[in-house]
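First residue of the sequence shown? That's 64 in the numbering used here, and the numbers climb one at a time after it. Here is the structure we will look at.
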Amino acid sequence: MDNINENKAKLYLGILLLLFMAMLSIMFSFSDYVGFFKGDGVITFSWKSAGAIWFSPVLIYLAYLLYRISLGNMKRLNSKIGDYVSYVSIAGFILTLFVSFYVDDKLKTEGYITCSKSSWMAPNKYVKDISLCK
Numbered sequence: 064m065d066n067i068n069e070n071k072a073k074l075y076l077g078i079l080l081l082l083f084m085a086m087l088s089i090m091f092s093f094s095d096y097v098g099f100f101k102g103d104g105v106i107t108f109s110w111k112s113a114g115a116i117w118f119s120p121v122l123i124y125l126a127y128l129l130y131r132i133s134l135g136n137m138k139r140l141n142s143k144i145g146d147y148v149s150y151v152s153i154a155g156f157i158l159t160l161f162v163s164f165y166v167d168d169k170l171k172t173e174g175y176i177t178c179s180k181s182s183w184m185a186p187n188k189y190v191k192d193i194s195l196c197k
């Protein structure tokens with residue numbers, strides 16, 4: 064009996080972790096979009112921040128699946144939700160590429176300069192004045 068409770072506790076912890084990751088990805092993505100639309104002096108943007116908002120439904124769906132597993136209702140799961148989440152993620156991935164290129168082009172035409180990156184995985188940092196690159 065102890066093993067069953069331990070497994071359920073792990074499932075619920077996994078659910079909370081997935082929901083927390085989804086909330087963080089939405090929050091960070093929105094903060095990058097807000098910085099872009101406000102036209103701040105320093106804008107941080109990358110394809111990862113553009114795409115995080117599109118892949119958070121996958122994390123929420125996985126949390127839902129874990130919840131259903133914890134209830135023992137796996138035989139009645141509807142796969143249509145998973146199909147829709149997959150379509151949103153694929154469309155989001157395609158839109159992410161276009162949005163990333165658009166943001167880069169728009170900021171460069173507005174006079175922003177791209178700072179050098181510390182690594183190839185680091186997001187692009189756009190600044191109006193080169194002295195803001197640090």
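Don't be surprised by glycine CBs; every beta carbon is placed ideally from N, CA and C.
Between V148 and Y124 a beta carbon distance of about 5 Å is seen, short of the 8 Å cut, so the two are scored as contacting. Cα atoms of S194 and I67: separation of roughly 58 Å, rounded to the nearest angstrom. When DSSP states are grouped into helix, strand and coil, Y150 belongs to the helix group. Within the segment 66–113, the runs of beta strand (DSSP E) at least 3 residues long that lie entirely inside it are, in chain order, 105–108.
F108 and G135 have their C-alpha atoms some 42 Å from each other. Considering only N70, D103 and L79, the residue with the shortest C-alpha distance to G174 is D103.
Judged by DSSP in its simplified three-state form, Y130 adopts helix. Leaving aside the five residues that flank S133 on each side, the residues in its chain whose CB is nearer than 6 Å to its CB run, in chain order, K71 and L74. Distance from V162 to A126 at the Cβ level is roughly 26 Å; contact not present, criterion being Cβ atoms closer than 8 Å.
Of the candidates K191, F156, L158 and L160, K191 places its Cα closest to the Cα of L170.
In this structure, S152 and P120 form a Cβ contact; the two beta carbons are roughly 7 Å apart against a cut-off of 8 Å. Pairing G77 with L128, the inter-Cα distance amounts to about 11 Å.
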